[in-house]
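Chains as they are written, first to last, in full-length UniProt numbering: chain U, 1 to 361; chain V, 1 to 361.
#1: Run through chain V and tell me which residues come within less than 9 Å of residue 355/U, C-beta to C-beta.
#2: Are the CB atoms of residue 200/V and residue 234/V within a distance shorter than 8 Å?
#3: Name the two residues that bound the continuous alpha helix (DSSP H) containing residue 170/V.
#4: Is the beta carbon of residue 212/U less than 8 Å from the beta carbon of residue 188/U?
#5: Once you ignore the five residues that flank residue 336/U on each side, which residues in its own chain have a CB closer than 6 Å to its CB?
#6: Label residue 143/U either buried or exposed according to how many other C-beta atoms from any shown protein chain fall within 10 Å of its C-beta, with 16 as the threshold for buried.
#7: Taking buried to mean at least 16 other C-beta atoms within 10 Å of its own C-beta, is residue 250/V buried or exposed?
#8: If distances are taken between C-alpha atoms only, which option among 328/U, 317/U and 279/U comes closest to residue 305/U?
#9: For residue 101/V, collect the residues of the same chain with a Cβ closer than 7 Å to its Cβ; drop the 5 residues on either side in sequence, then sort them by chain order.
#10: So which residues on chain V does residue 262/U lean against when the C-beta distance must stay under 9 Å?
#11: So if DSSP puts residue 29/V in a beta bridge, which residue, or which two residues, is it bridged to?
#12: Identify the continuous beta strand (DSSP E) that holds residue 267/U and give its terminal residues.
#13: Taking the alpha-carbon positions, what's the residue 355/U to residue 162/U distance?
#14: Measuring alpha carbon to alpha carbon, tell me which of 1/U, 2/U and 59/U ends up nearest residue 20/U.
#15: Roughly how many whole angstroms lie between the Cα atoms of residue 32/U and residue 54/U?
#16: At a Cβ threshold of 8 Å, is residue 323/U touching chain V?
#17: Cβ atoms of residue 284/U and residue 236/U: under 8 Å apart, would you say?
#18: Figure out for me which residue from 11/U, 99/U, 309/U and 36/U has the closest Cα to the Cα of residue 74/U.
#19: Expressed to the nearest angstrom, what Euclidean distance is found between the alpha-carbon atoms of residue 141/V and residue 158/V?
#20: Give a yes or no on whether the minimum CB-CB distance between residue 246/U and chain V is below 8 Å.
#21: Cβ closer than 8 Å: which chain U residues qualify as neighbours of residue 294/V?
#22: Output, in sequence order along the chain, the residues in the stretch 178-196 of chain V whose CB is closer than 8 Å to any CB in chain U.
#23: Who pairs with residue 121/U in a beta bridge, going by DSSP?
#24: Give the interface partners of residue 301/V over in chain B, defined as CB-CB distance under 7 Å, in chain order.
#25: Which whole-angstrom value describes the C-beta separation of residue 147/V and residue 180/V, a residue pair presumed to lie in contact below a C-beta threshold of 8 Å?
#26: Do you know how far the Cα of residue 292/V is from the Cα of residue 240/V?
#27: Residue 311/U bridges to which residues according to DSSP?
#28: Which word fits residue 362/U, buried or exposed, when buried means at least 16 other C-beta atoms lie within 10 angstroms of its C-beta?
#29: Rounded to the nearest angstrom, what separates residue 63/V and residue 322/V at their Cα positions?
#30: Starting from residue 297/V, follow the alpha helix (DSSP H) in both directions and report where the run begins and ends.
#31: Using a Cβ-Cβ cut-off of less than 7 Å, list which residues of the stretch 204-219 of chain V approach chain U; keep chain order.
#32: According to DSSP, what are the bridge partners of residue 2/V?
#33: I'd like to know whether the C-beta of residue 359/U is nearer than 8 Å to at least one C-beta of chain V.
#34: According to DSSP, what are the bridge partners of residue 163/V?
#35: In its own chain, which residues sit with a C-beta less than 6 Å from the C-beta of residue 245/V, not counting the 5 before and 5 after it?
#36: Within 8 Å (strictly less), CB to CB, does residue 34/U reach chain V?
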């Protein structure tokens with residue numbers, strides 16, 4: 001049974017060129033006068049300080065396909081389904097977005113084709129362009145042999161995934177059987193972390209902001225009836241669903257007890273969050289512990305979970321480490337959550353991805 | 001084995017008088033010219049509209065102890081450990097806060113004493129007063145025979161529970177072996193729910209805002225070292241910990257991979273979130289589904305979970321309903337999560353609370 005990593009990011013050269021040409025978030029900056037600073041990647045407004053340690057170090061692991069393959073070999077990963085890291089192409093000027101998206105997606109397709117059988121990809125949509133251009137790119141992506149869906153953030157066209165203006169995009173994705181890999185980026189407003197947040201490094205926005213953002217986004221999709229209108233639309237939700245498996249019961253109860261929704265006739269004629277979790281949602285297994293992973297399995301089923309690493313993020317702090325702890329935490333959680341059920345564990349480690357993403361076996 | 005409800009709110013008469021005397025959040029408003037509107041309770045700024053349907057209806061179930069006892073009898077609840085509902089006394093003018101807190105706590109103690117054996121309570125602290133006054137009230141509460149800890153929101157003295165100015169309060173609570181019942185109120189900024197949030201009634205702030213607020217608050221306590229300084233401080237976290245059991249692995253991984261924390265020497269010499277969950281945190285079982293409840297049990301242990309109802313919130317929308325679905329969802333989740341283990345289920349339904357809160361058996 002192959003091991004497949006469905007949550008693993010790469011910046012193709014076409015995207016690196018874009019980042020290096022910029023000086024506002026997102027961008028990559030070099031410091032010729034301070035070579036020890038190395039190149040830095042700044043993708044969150046909160047990281048955008050004036051120092052040479054702004055953002056995070058960015059090396060070849062972000063853009064050199066040899067590094068990805070070496071990482072895969074170290075961790076016994078047979079296939080990676082790569083996606084652009086956040087913030088994708090959300091920030092592109094509208095008039096050039098469609099053309100840039102084609103260039104970036106073609107560059108990703110090239111990388112996959114050059115390493116046949118090892119790399120597949122989720123494409124990226126030019127969401128700042130017109131809806132027509134977005135739909136065109138969805139249709140074009142189906143002609144690229146290594147594309148297996150698209151990666152998308154929670155902003156949509158700018159006002160969230162419950163925006164009815166997204167309907168033509170959802171319709172096209174549903175029609176083309178293209179899965180959305182839904183990934184956070186925007187987090188929560190810094191005020192929620194309080195005045196001492198910087199004492200805690202990046203822990204609060206990364207550990208909590210990301211999954212909470214994701215949970216809100218999926219719940220807004222649910223409440224706006226996206227899955228009532230597009231019952232075959234499939235979404236792979238990052239980080240085991242944010243916190244959706246844990247909160248599904250509370251969400252259902254809050255809907256069932258809401259006087260406004262009752263008055264609007266929206267309580268009875270709707271699909272439940274449990275139904276969505278079991279028919280439309282796939283979850284990656286990027287949750288770093290068996291407690292959360294078991295809840296994800298309970299909510300969506302062991303046949304809907306897919307192993308992931310989040311590479312190249314969360315590298316070991318010990319420079320001599322060979323294996324990445326962020327990876328082994330996730331692979332150990334799969335074994336531990338499934339107890340002795342090797343078949344189910346193998347499915348999560350790769351079998352499910354091979355089936356769901358139509359990978360050659 | 002008794003059934004004990006540890007998450008159940010009451011406004012004693014002394015608190016109702018306060019709410020009725022106000023016209024800014026929190027307050028209770030009557031509409032003499034529109035008697036059909038009934039009395040309305042407005043506790044969230046987002047609910048504070050100009051209409052006669054602002055906030056939520058408030059009836060005797062909020063303040064009449066007979067209603068609480070009838071609710072308990074209907075649902076076979078032997079003992080309720082009542083607490084003031086949010087926003088407690090956070091908003092009191094500083095100069096009168098200490099005296100008001102004494103009056104409110106004495107009124108709660110009187111209600112409990114008048115129904116010996118059925119009612120115990122968490123007291124409320126005058127957090128807007130000086131720290132000395134707060135500590136005095138903690139010490140005074142230990143002399144009231146039905147008090148079993150204190151209820152607290154996530155604001156603390158105004159800037160969160162990771163505020164070092166809270167240390168004398170934590171020290172007093174630890175010394176007096178008084179548990180904190182940590183409960184959300186402030187939610188998240190409305191912007192995170194997007195421009196269509198009001199279409200969804202109160203679902204997003206109630207279903208997500210509350211547990212996400214709680215998770216951030218507990219994680220800030222953890223990161224600021226509260227439990228390193230006060231290793232015996234116990235916290236009963238509302239709504240099964242917000243989302244803490246599900247996200248504990250991600251929080252631990254983000255800490256272990258944080259370059260800033262490593263530089264500060266804060267990664268190795270610290271207690272893990274798992275350690276806190278198993279030694280300092282208790283969780284209520286207010287999560288409305290077995291998926292979440294199992295994760296809570298996996299994280300903290302079946303001996304640390306305690307049944308709750310959140311009464312009088314989430315009443316049935318069907319006026320003819322006798323049993324409250326919000327209650328039966330939680331009691332069924334306990335049975336389902338524990339499978340056939342009746343002993344563990346009985347412990348969660350009341351045995352744990354009897355032991356942890358020193359209730360007469």
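We treat Cβ as the ideally placed atom computed from N, Cα and C, and that holds for glycine.
Small disclaimer: the values here were computed from a predicted structure and weren't measured.
To lay it out plainly:
#1: The premise fails here: residue 355/U is roughly 24 Å from chain V at the closest Cβ pair, so nothing lies under 9 Å.
#2: no
#3: 167-175
#4: yes
#5: 290
#6: exposed
#7: buried
#8: 279/U
#9: 89, 124, 125, 126 and 137
#10: 201 and 317
#11: 40/V
#12: It is not in any beta strand (DSSP E) - residue 267/U carries neither H nor E in the DSSP assignment.
#13: 29 Å
#14: 59/U
#15: 15 Å
#16: no
#17: yes
#18: 309/U
#19: 22 Å
#20: yes
#21: 294, 295 and 298
#22: 188, 189, 191, 192, 193, 194, 195 and 196
#23: 82/U and 147/U
#24: The question asks about chain B, but that chain is absent: this structure's protein chains are U and V.
#25: About 13 Å separates the two Cβ atoms, so there is no contact after all.
#26: 8 Å
#27: 8/U
#28: It is not possible to answer for residue 362/U, since the shown part of chain U is limited to 1 through 361.
#29: 19 Å
#30: 290-300
#31: 204, 206, 207, 208, 211, 212, 215, 216 and 219
#32: Residue 2/V is not bridged to any residue.
#33: no
#34: Bridge partners of residue 163/V: none, in fact.
#35: 295, 296 and 299
#36: no
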